[in-house]
Every structure is written in structure tokens, then in C-alpha cells.
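K.L.:
Structure in C-alpha cells, see below.
In our numbering, the protein residues as written are 448 to 1060.
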């Protein structure tokens, strides 16, 4: 397919109208909840929605929070370049929900806390809580800046949409409805934005399928191009994406998001009962699966359309993230409003993530950094929460400006999510599952986990892994028929596909000993490395400093009554007991014993048997 039309097509008035509508509806929800909740002055109501939300909106909001524009733009590009095995994330999502609902949710719900880091002080010490809070704030601001900037850049270069106009308008609208309406506004705008994301994905998928002549051609093209690489069960931890790195590493990353991240915990703790909270997690799983399916299939469509002429190698786009917008302008450019819908979908992903972050940052700051040290009234605290929402909104827009300077460090910032989330997950695991863990152990575990995961993460950034480990799949420009003027610079088109190998080759002479082993570990393993280090060091230090003598309040750890598994076991046991009570076992045994001589008791008594020696 020629890319000529993409060069011509750009954003039309209708596209801007669709995009503006999405921002307007989001802002209107904030105004509505500010009006409805005007009588409630407490910061707790503002930050937890008054604990009266039901399972459905919360579950959709949980799905939307971390399905950012990075999902809409990067997942399809990932499938296009490396194959569809990221579909295995579906398994890691499922394991995440089970672990979260069985281990973390019951404890946090029972304690009814606004900030998850409050738990660290209740269980360990104030120092652990403060360190946890600071790490969370750093991680979230970094992540949020990237989430605002990435879609703006990708869309600006392909559709010609104004870059800073897009960044600032999303930042301002987000900050506005977070500040006005609190958590309830955030949850309901998320529900709306999730709908927009799915609609945007579907518009691209349906059009691609029509152009390619059905779903089967798309699948067979992907198979022929080696994109359906689901059989990759290589256990090497150095390989970027295999079944094991995605299911094991991915599970740790997602548990650190669903189990302990303030943005997610704040949502399910705002449900009206623990059953609603559990339900919201499992309904959200369906949402995650459908978004994953859409993004993987969109990646397959992308490959099917450009299998003969790769726009990235042909220098039509400068980054893989721009492949999706390029496809949209190419296929949907003649349908006014549809490119706008896709752009709205990408930005909805951003808005929902940024609003969750702003809301979570305000909650953590009020609960962990202001409440313990001041005597403010509830009304004052509510106003402080709103002021903080504005402050953090401005900081995230500022961070987006920094992200523009970092350029290629986007993967690095997302790795930082795993680098910081891993050790934090370790500390919470110590608190909830290990009664012998004490505050000295928790603090040393958190610090050592952070040091180790930062070491491997920064090492991997400085010495990128070789292409044999990441294995990008082949792309071709043989079928391109651009006009001469446009193709002046695509003769050197092979360059973009091998950035890693060049940097690896240039660094070959100075590479340290660890470059091919420790630093080459798949980025998905940064989180498990941090978690395991934090737990093992924490346990060791706790045991050496007398942790086994301490008595922990039972409500701060996981009790067996908290888990569904325990209730299931009890149910089965009761059923069995009832059944056996109905049979008179003594008489039954005599009858069965006498009918079949082979099963006589005596024959099972080994003392009466003689074995030849």
C-alpha cells in the first residue's frame, strides 16, 4: 500500500470537534460531581468517593487507569516489530487479580485507609512510611509526564496536531475535573474514556479488516510474517519477551500496580463492601483482556497492511509509536471525524492515567505528609486536597516538558515503574505475609531492593541488550512505491531497525563483565528482582534483630478467614462431613470387606507378610 495518502491527509475540523467533545464531556463530569457533592466537606469523601461506589464503575475505572496512551500506541507497534506473544499478558493479568483479591485487598479494606502507605506505619514505622511515600510520588510524577508527552509527540508528527496545545489542554482538563469532583469524578470520567478507547481501536480494526478482505487474511499474513510467535518457551531470563518473562515478570509488575499502588487501591477501597471490591477486580479483568485483545489484533492489522512496505524503515515515521497514527491517517483520512476519534482514544488513555495519578498523589500527600504533622479541620483538609490536585497537575505538565528533552528514555521511565514498584511490593508482602518481619527488616529490605533494582535497571540502560536477545522480526520496503521526491532519503532505510546493535558494537570494547549477563536481563524482571531482594533481606534482618519474638496485631496481617480459598475449603469440608454423617460407615466397612477377599485388612498388614531376602 502506498503512503501517499498519509502525506496528504491531516487533521480536519471534524476531527478537532470530536477531540474537543471528549475533553468537554470529561470536564462536565467534574462540574457535575462538584455540584452534587458540594455539601460534603471532608477530605476523606473527596479522596475516597465517600465509600459508596459499586463494583461496575470501579472495575471499568481500574481498567482505564493503567491502560494509557502507551497501550493504544505502543502495544500494536510492539506486535508489529516483535510479534504477538505479548498476548501472554492475559495470563499475568489473571494471576494478578487472584493474588490481589486474596492477599492485599482484604487487609487494606479491613483497615479502611485512604493512603496505602499508612499501612507501612501501622505495621512497621513512620520512617518506612515516609520512604514509601516519597518513592511513590517520584515514580508517579515521572510516569505521568511520559504518559502525557508520548501520545502528544506521536500524534503531532503524524497528524500535524499542535504538540504543546495538546499537552497543556489534556493537563488542564485533567487537573480541572480532579480538583472539582474528587474521586467520584475520576471514576466516572474513566468509564467514559474507556468507551472512547475501545471505539477508537474498533474503528481502526474494522477498517483494516475491510481493506485486507477479512479477518483470515490478517491472521494468515501475521502467521507468514512470523508474528504469531506464541510457541516461544525459552527459559533464558536474558530474552526480552518469552512466555516466561511475560507471565512471571509481567505478573510481578501488575501486582505492584493492582496490589499496592495508591491509584488502584484507592479505587477498590472506595467500594461499598468487600464483595463489591472483589467483584470490581474480576470484572476489570474482562476489561483488561478486551483492551489487550484489541491492541494485539490492531498490531496484526498494522503488519498485514504494511507487510510489503514498512513505513518505519522507509523513514515515513521516526518512531515505532507513530505507526498506529500513521495507519489511521492512511486508512481513515478520508472519513472525517474518525482520525479524531482515534486521537481522542489515545488521549483518553492518557487522561484516565493522569487523573488517577493526580488523585492518588493528592491522597498520599494529605494522608502521609500533612495529616500526621498538623491539626487541620476536615474542611481545611478538603481544600488542601484540591490545592494539591492543582499543584500536581502543573508538576505533571512540567514533567511532560522534561520528557520531551529525554527523547529515547521513554522505555527507561517505564522500567523505573518496575524498578520502584518491585521493592515497594516486597515491603508490603513482608508486612502482610510475614508476621516475624519488623521495622528494621522492612527498611533495610526496601533500601536494598531499591539499590539492586536500580543497579540492574541503570546498567541495562547504559549497556542495551544485543538484538539476539530482543529479536526484532524482519520488515521490508520492497513493495514501496513512493514518488521520487518523497523517497530521496529512504535508500538508507535499514538504519532504524538496528539501533541496539550499533550501540552494542560501539560499546563492545568498553563493556564490563556484567554486560552480557546481569545487565542483559529482560526489563520485565526488574520488578521481581526488587521484590525478591526486599523480601529476603527484610526477613534475614528481621530474624537477626529478634523479629520472631514480636507480637503483631492480627488485623495487620493476612488471616485465613480473609481468603476465598479458606471459605471454599470449609464449604467442601462441611459438605463431605454432612455426607459421611448420613452413611453409617462402620457397617458399610464390614460388608465391603467380606465381599472381596482381595481387599482384606490382613493382607495390607505388612508385618504378617514375608518377603524373600
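Built from N, CA and C at the ideal position, the CB exists for glycine as well.
Helix, strand or coil for residue 741 per DSSP?
P.N.:
If DSSP states are grouped into helix, strand and coil, residue 741 belongs with the helices.
K.L.:
Write down the C-beta distance between residue 811 and residue 562 rounded to the nearest angstrom, noting that I regard them as a contact closer than 8 Å.
P.N.:
About 5 Å separates the two Cβ atoms, so the contact holds.
K.L.:
Could you tell me the distance, in whole angstroms, from the CA atom of residue 472 to the CA atom of residue 647?
P.N.:
If I take the Cα positions, the gap works out to 16 Å.
K.L.:
Let me check understanding here. Comparing Cα to Cα, which of 788, 913, 1019 lies closest to residue 458?
P.N.:
Checked all of 788, 913, 1019; the closest Cα to residue 458 is 788.
K.L.:
Quick one: Cα of residue 831 to Cα of residue 576, how far?
P.N.:
So the two alpha carbons sit approximately 21 Å from each other.
K.L.:
What distance in whole Å lies between the Cβ atoms of residue 985 and residue 904, which are believed to be in contact at a cut-off of 8 Å?
P.N.:
Rounded, the Cβ-Cβ distance is 20 Å, inconsistent with contact.
K.L.:
So, helix, strand or coil for residue 901, using DSSP?
P.N.:
Helix at residue 901.
K.L.:
Are the beta-carbon atoms belonging to residue 628 and residue 478 less than 9 Å from one another?
P.N.:
Closer than 9 Å, so yes.
K.L.:
Below 8 Å CB to CB, which residues in the same chain sit around residue 673 once its five sequence neighbours on both sides are set aside?
P.N.:
Excluding sequence neighbours, residue 673 sits near 530, 920, 921.
K.L.:
Assign residue 802 to buried or exposed, taking buried as 16 or more other Cβ atoms, counted over all protein chains shown, within 10 Å of its Cβ.
P.N.:
With 16 or more Cβ atoms within 10 Å of its Cβ, residue 802 is classed as buried.
K.L.:
Should residue 467 go down as buried or exposed, given a rule of 16 or more other Cβ atoms within 10 Å for buried?
P.N.:
By the neighbour-count rule (16 or more Cβ atoms within 10 Å), residue 467 is not buried but exposed.
K.L.:
Cα separation between residue 726 and residue 736?
P.N.:
Near 16 Å, if we compare the C-alpha coordinates of residue 736 and residue 726.
K.L.:
With residue 823 as the anchor, note down where its alpha helix (DSSP H) starts and where it stops.
P.N.:
First-last for residue 823: undefined, no H or E at that position.
K.L.:
Rounded to whole angstroms, what is the Cα-Cα separation between residue 1026 and residue 1018?
P.N.:
Taking the straight line joining both Cα atoms gives about 12 Å.
K.L.:
What's the call for residue 1014, buried or exposed, on a 16-neighbour Cβ count within 10 Å?
P.N.:
So residue 1014 ends up on the exposed side.
K.L.:
Are there 16 or more other CB atoms within 10 angstroms of the CB of residue 570, so buried, or fewer, so exposed?
P.N.:
With 16 or more Cβ atoms within 10 Å of its Cβ, residue 570 is classed as buried.
K.L.:
Using DSSP bridges, identify the partner residues of residue 718.
P.N.:
Paired residue(s): 500.
K.L.:
Note down, in chain order, each residue of its chain lying with its Cβ closer than 7 Å to the Cβ of residue 814, except the 5 sequence neighbours on either side.
P.N.:
Answer for residue 814: 561, 562, 565, listed in chain order.
K.L.:
What does a CB cutoff of less than 7 Å around residue 465 pick up in its chain, not counting 5 residues either side in sequence?
P.N.:
Answer for residue 465: 784, 787, 788, 791, listed in chain order.
K.L.:
How many whole angstroms separate the CB atoms of residue 689 and residue 680, which I take to be in contact at a CB cut-off of 8 Å?
P.N.:
Sure, about 7 Å apart at Cβ, within 8 Å.
K.L.:
My output table needs one value for residue 485: the three-state DSSP class, helix, strand or coil.
P.N.:
Coil, per DSSP.
K.L.:
Taking one C-beta from the stretch 766-780 and one from the stretch 519-528 each time, how about it: are there three or more such pairs within less than 8 Å?
P.N.:
Yes: at least three Cβ pairs fall under 8 Å.
K.L.:
What number of angstroms, rounded off, separates the C-alpha of residue 601 from the C-alpha of residue 798?
P.N.:
Going from the Cα of residue 601 to the Cα of residue 798 covers about 16 Å.
K.L.:
How many angstroms separate the CA atom of residue 644 from the CA atom of residue 652?
P.N.:
Roughly 12 Å separates the two Cα atoms.
K.L.:
Inspect the CB distances between the stretch 511-527 and the stretch 624-643 and report whether three or more fall short of 8 Å.
P.N.:
Flag = yes, the stretch 511-527 and the stretch 624-643 touch.
K.L.:
Which class does residue 762 belong to by DSSP, given the choice of helix, strand or coil?
P.N.:
Note: residue 762 maps to coil in three-state DSSP.
K.L.:
If the criterion is Cβ atoms closer than 9 Å, does the pair residue 869 and residue 973 meet it?
P.N.:
Yes, the pair counts as a contact, with Cβ atoms nearer than the cut-off.
K.L.:
Could you pull out every residue in the same chain whose Cβ sits closer than 7 Å to the Cβ of residue 712, ignoring the five residues on either side in sequence?
P.N.:
Hits under 7 Å: 555, 563.
K.L.:
Could you tell me whether the stretch 961-968 touches the stretch 837-850, using the rule of 3 or more Cβ pairs below 8 Å?
P.N.:
At 8 Å Cβ cutoff, the stretches do not touch.
K.L.:
Quick check on residue 540: buried or exposed, where buried means 16 or more other Cβ atoms within 10 Å of its Cβ?
P.N.:
Under this definition residue 540 is a buried residue.
K.L.:
Check for me: the alpha helix (DSSP H) holding residue 637 runs from which residue to which?
P.N.:
From DSSP, the alpha helix (DSSP H) with residue 637 extends over 610-659.
K.L.:
CA-CA distance, residue 990 and residue 715?
P.N.:
Their backbone Cα atoms lie some 34 Å apart in a straight line.
K.L.:
So for residue 1011, helix, strand or coil by DSSP?
P.N.:
Note: residue 1011 maps to helix in three-state DSSP.
K.L.:
Taking DSSP as the reference, what is the three-state secondary structure of residue 680?
P.N.:
DSSP places residue 680 in coil when its eight states are reduced to three.
K.L.:
Are the CB atoms of residue 981 and residue 886 nearer to each other than 9 Å?
P.N.:
In this structure, residue 886 does not lie closer than 9 Å to residue 981 by Cβ.
K.L.:
Label residue 820 either buried or exposed according to how many other C-beta atoms from any shown protein chain fall within 10 Å of its C-beta, with 16 as the threshold for buried.
P.N.:
Exposed, by the Cβ-count rule.
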